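S.K.: In this note's numbering, the protein residues as written are 1147 to 1282. The beta-carbon is built from N, C-alpha and C at its ideal position, and this holds for glycine as well. Keep in mind the model is a prediction, meaning the values are calculated, not measured.
1) At what residue ranges does the segment 1196-1259 contain a whole run of the alpha helix (DSSP H), taking only runs of 4 or more?
2) Looking only at its chain, what residues have a beta carbon closer than 7 Å to the beta carbon of residue 1210, apart from the 5 residues adjacent to it on each side?
3) Would a C-beta distance cut-off of 8 Å place residue 1207 and residue 1263 closer than the cut-off?
4) Determine the burial state of residue 1220: buried for a count of at least 16 other Cβ atoms within 10 Å of its Cβ, exposed for fewer.
5) Buried or exposed: residue 1156, going by 16 or more other Cβ atoms within 10 Å of its Cβ?
6) Here's the rule: buried if 16 or more other CB atoms are within 10 angstroms of the residue's CB, otherwise exposed. What is residue 1241?
7) Please check the pair residue 1297 and residue 1258, which I expect to be a contact at CB under 8 Å, by giving their CB distance rounded to whole angstroms.
8) What number of angstroms, rounded off, separates the C-alpha of residue 1338 from the C-alpha of residue 1164?
9) With DSSP run on the structure shown, which of helix, strand or coil describes residue 1191?
10) Under a three-way DSSP split, which group does residue 1172 fall into?
11) Can you tell me whether residue 1264 is helix, strand or coil according to DSSP?
12) Tell whether a beta-carbon distance below 8 Å holds between residue 1194 and residue 1184.
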């Protein structure tokens, strides 16, 4: 093997267990190693297309939904600990309005994400949310 063909540089790529198994399955199907599959797909494929979808809008909407949920939780605690005298109708109405608005923005962001993905023939595979992922 000529010196230009000696592969002595390594690139690490982190994947989920599911992605790893999918790469292994595809490599077995082609009768090659995973490293050969990845190298060939990335270096020698002329029709490789990378689509980047911006999640900033979705992230901002999620943060607002989270904030409003915290506000509602604080109001519920006040009601539970102090009873009706701890109840501020205006604060509750405002928190509910903000929660509704944040939820609508989140829905709008999700629809935009779905539409953008569809324009690029991208399927979004959403895994169930692990409750431990939510800081609170």
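M.R.: Short version:
1) List check, alpha helix (DSSP H) in window: 1202-1228.
2) Position 64 of the chain shown, counted from the first residue, corresponds to residue 1210. Same-chain partners within the cutoff: 1248 and 1251.
3) By one-based count along the chain shown, residue 1207 stands at place 61. By one-based count along the chain shown, residue 1263 stands at place 117. Here residue 1207 is not near residue 1263, since their CB atoms are 8 Å or more apart.
4) In the chain shown, the residue the question calls residue 1220 occupies position 74. With fewer than 16 other Cβ atoms within 10 Å, it is exposed.
5) Looking up residue 1156 in the chain shown gives position 10. Exposed, since its Cβ has fewer than 16 Cβ neighbours within 10 Å.
6) Position 95 of the chain shown holds residue 1241. With 16 or more Cβ atoms within 10 Å of its Cβ, residue 1241 is classed as buried.
7) Here the chain covers residues 1147 to 1282 and nothing more, so residue 1297 does not appear.
8) No information on residue 1338 is available, as it lies outside the stretch 1147 to 1282 that the chain covers here.
9) Within the chain shown, numbered from 1, the residue matching residue 1191 stands at position 45. In the three-state scheme derived from DSSP, where H, G and I count as helix and E and B as strand, residue 1191 is classed as coil.
10) Sequence index remark: in the chain shown, residue 1172 carries index 26 (1-based). Helix at residue 1172.
11) What you label residue 1264 is simply residue 118 of the chain shown in a count that begins at 1. DSSP places residue 1264 in helix when its eight states are reduced to three.
12) If you number the chain shown from 1, residue 1194 lands on position 48. If you number the chain shown from 1, residue 1184 lands on position 38. Cβ distance not < 8 Å, so residue 1194 and residue 1184 don't count as in contact.
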